[in-house]
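Note sheet for the following structure.
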Amino acid sequence: MGGSRQRRRGDTRQRIQDVAVELFAEQGYEKTSLREIAERLDVTKAALYYHFKTKEDILISLFEDLTRPMDELIEWGKGQPRSLDTKQELLRRYSQALTDATPLFRFMQENQATVRELSIGESFKDRMVKLLDIIREPQAPLKDQVRCVSALFTMHAGMFALKDIEGDPEDKRKAVLEVAVELVTRAHSGPHDS
3 MGGSRQRRRG
13 DTRQRIQDVA
23 VELFAEQGYE
33 KTSLREIAER
43 LDVTKAALYY
53 HFKTKEDILI
63 SLFEDLTRPM
73 DELIEWGKGQ
83 PRSLDTKQEL
93 LRRYSQALTD
103 ATPLFRFMQE
113 NQATVRELSI
123 GESFKDRMVK
133 LLDIIREPQA
143 PLKDQVRCVS
153 ALFTMHAGMF
163 ALKDIEGDPE
173 DKRKAVLEVA
183 VELVTRAHSG
193 PHDS
């Protein structure tokens, strides 16, 4: 019985996060109140407070859920050989992590000022640098380092730039990933004339 009560509590926490991200994306973080989140969930404010005391608590929990897979990916990448296969696999796994966290990344894009004000913005930036350190060769020519930086940002930009373009979301994700992999592959293969 205790396990089912814990599961229900976890489900409620997840529902609160889902509704909060939805409202933050629709109205903006600043314009969304805890009361509105509770109303959308059809629960009392007291029930919401049981899980989260503030909007910032909700947002921080969302980022913790997002950064856990990123931290695991970074740790995995650090333990692998600095090979092209490792770099390509890191991009594939990161693509999936981005897809799994699409609503949160949309929120980040649309609420950049809020993200910068909170510690989560700096924390996310640190993780991006660590991912970049895995796919970029520090002694590579500048153009190849730019290709690696561009590969990561292509994956982020693709989420937003392609959202209004018609087509299957999975096909768009694969196209963005293919371009990112091409950039890293080109950077990894050595010096180029162009």
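So the sequence shown is numbered by my numbering: it starts at 3 and just counts up by one.
C-beta atoms are modelled at their ideal positions from N, C-alpha and C, and glycine is treated no differently.
Keep in mind it's a predicted model, so treat the numbers as computed, not measured.
Top-ranked residue by Cα proximity to residue i, from the options
i: GLU41; options: LYS55, VAL21, GLU32, THR56; result: VAL21
i: LEU93; options: GLU28, LEU43, THR156, GLU119; result: THR156
i: LYS55; options: THR104, GLN90, ARG15; result: ARG15
i: GLU184; options: ASP87, HIS53, ILE62, ASN113; result: ASP87
i: LEU75; options: LEU133, TYR52, PRO143; result: LEU133
i: GLN19; options: ASP170, ILE60, ALA48; result: ILE60
i: LEU120; options: GLU58, ARG37, ASP102, ASP44; result: GLU58
i: THR101; options: ALA27, LEU25, ASP173, ARG37; result: ASP173
i: ILE137; options: PHE65, ALA182, PRO171, LEU25; result: ALA182
i: PRO1; options: LEU64, ARG70, GLN82; result: The question about residue 1 has no answer, for the chain in this structure spans 3 to 196.
i: GLY123; options: ARG17, GLU66, ALA48; result: GLU66
i: ARG129; options: GLN141, GLU91, LEU164, ARG70; result: ARG70
Whole-angstrom distance between residue j and residue i, CA atom to CA atom
i: PHE109; j: TRP78; result: 27 Å
i: GLY30; j: VAL117; result: 12 Å
i: GLU180; j: LEU50; result: 42 Å
i: VAL23; j: VAL151; result: 28 Å
i: GLN141; j: ALA99; result: 28 Å
i: GLN82; j: THR34; result: 43 Å
i: GLU26; j: GLU168; result: Strictly speaking, residue 26 in this sequence is Phe, with Glu absent from that position. Each residue's alpha carbon lies about 25 Å from the other.
i: VAL178; j: GLU139; result: 22 Å
i: LEU68; j: ALA103; result: 7 Å
i: ASP13; j: ILE62; result: 17 Å
i: VAL131; j: LEU36; result: 33 Å
i: GLN114; j: ASP166; result: 20 Å
i: GLN111; j: GLU28; result: 13 Å
i: VAL45; j: GLU38; result: 10 Å
i: HIS53; j: SER125; result: 23 Å
i: ALA153; j: LYS80; result: 18 Å
i: ALA48; j: SER191; result: 58 Å
i: PRO171; j: ARG95; result: 17 Å
i: GLU32; j: ALA163; result: 24 Å
CB-CB length for residue i against residue j, believed under 8 Å
i: PHE107; j: MET72; result: 12 Å between Cβ atoms; not a contact.
i: ALA189; j: ASP146; result: 4 Å
Beta carbon of residue i nearer than 8 Å to that of residue j
i: LYS89; j: VAL186; result: yes
i: SER97; j: ARG175; result: yes
i: ARG17; j: LEU43; result: yes
Fully enclosed by the stretch 45 to 98, which beta strand (DSSP E) runs are 3 residues long or longer? Taken in chain order, the whole beta strand (DSSP E) runs of length 3 or more contained in the stretch 45 to 98 number zero.
Which runs of the alpha helix (DSSP H) at least 4 residues long sit entirely within the stretch 118 to 172? Give them in chain order. Listed in chain order, the complete alpha helix (DSSP H) runs (minimum 4 residues) inside the stretch 118 to 172 are 121 to 137, 144 to 163.
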